[in-house]
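Input: a single structure, listed below in structure tokens.
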Amino acid sequence: MKESFTAWRGIARSMMIYWRPGRQRGLRELYRGFIAPGDVVFDVGAHLGDRTRAFAALGARVVALEPQPQLLPWLHLWAGRLPGVTLVAQAVGAVPGEAQLAVSRRNPTVSSLSEAWRQGVQERQEGFRGVRWDGDVRVGVTTLDLLVEEFGIPSFCKIDVEGFEEEVLKGLSQAIPALSVEFVAGDLRGALACVRRMEALGPYEFNVIPGEERSFLLPDWTPPSVMKAWLESGAGGFPSGDLYARLRRGSGPAR
């Protein structure tokens, strides 16, 4: 009973962040520039479904992936019943198979497949000092290439997987029009690796959104070199946020 209460309290904290009034409207405005009705969208690390719900409201066909068993019932409740939403209870990585997911019962939305990330953010990120990954669960793993094969090329792919973003991108062998990956100040090397991986896939340009804001920090989209320099210099001192990448105007998906 105590364990269930701890998990519920952690989920409740996340709900207060991700489902606060006005957030959905802001998310729809943010993603309207990437998504048109009928587009396929991947939500990798869907958590409690706030982004899935925003994507669906824009008319997208959303594939929402979440391996954390504690979160799946809430994801189904908040977003899984919406038209055009497909829930997949799997993680995403470089190769298909299975992996051990480290679970934080107190903070379920920061469960992670990356041991190096967990160690790094606890050592270097103040906000993670109190997080304990006190459980684990075996989860299935698919790849972005397999998802593309099954559902089609997404117009946008959101990746928020607590330090496993680079491994997710390793499972993608072609450029897609636009995507985002999370960055955390305690593991900026991982974010740099993601930029390099996207740079190898196609002619991407980049922007950034700090924290849970819903507008871009930079006035103009920048080349990979500028984004890498920004990360190497400390990501503007922001503790976390999302890097956004889109193919340069006039360029198509490239292998």
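Residue numbers are given in the working numbering: position 223 of the sequence shown equals residue 224, and the series is strictly consecutive.
Every residue, glycine too, gets a C-beta built ideally from N, C-alpha and C.
- Excluding the 5 residues flanking it on each side, V169 has same chain C-beta neighbours closer than 7 Å at V45, V93, G94, L145, I160 and V162, in chain order.
- Scanning R52, V111 and H48 for the CA closest to the CA of L76 turns up H48.
- R139: member of the beta strand (DSSP E) spanning G136 to T143, first to last residue.
- DSSP lists R247 as the beta-bridge partner residues of A179.
- In the DSSP assignment, A58 falls within the unbroken alpha helix (DSSP H) covering D51 to A58.
- Between the region 190-206 and the region 147-154 there are fewer than three inter-stretch CB-CB distances shorter than 8 Å, so the stretches are not counted as touching.
- Sequence-distant partners of D243 (beyond 5 residues in either direction) whose C-beta falls short of 6 Å from its own C-beta, in its chain, are S181, E183 and I210.
- The Cβ atoms of G27 and R247 do not sit closer than 7 Å to each other.
- When the five nearest sequence neighbours on each side are left out, the beta carbons in the same chain lying within less than 8 Å of the beta carbon of F217 are those of N208, V209, I210 and Y245, in order along the chain.
- Here F157 is near A179, since their CB atoms are less than 7 Å apart.
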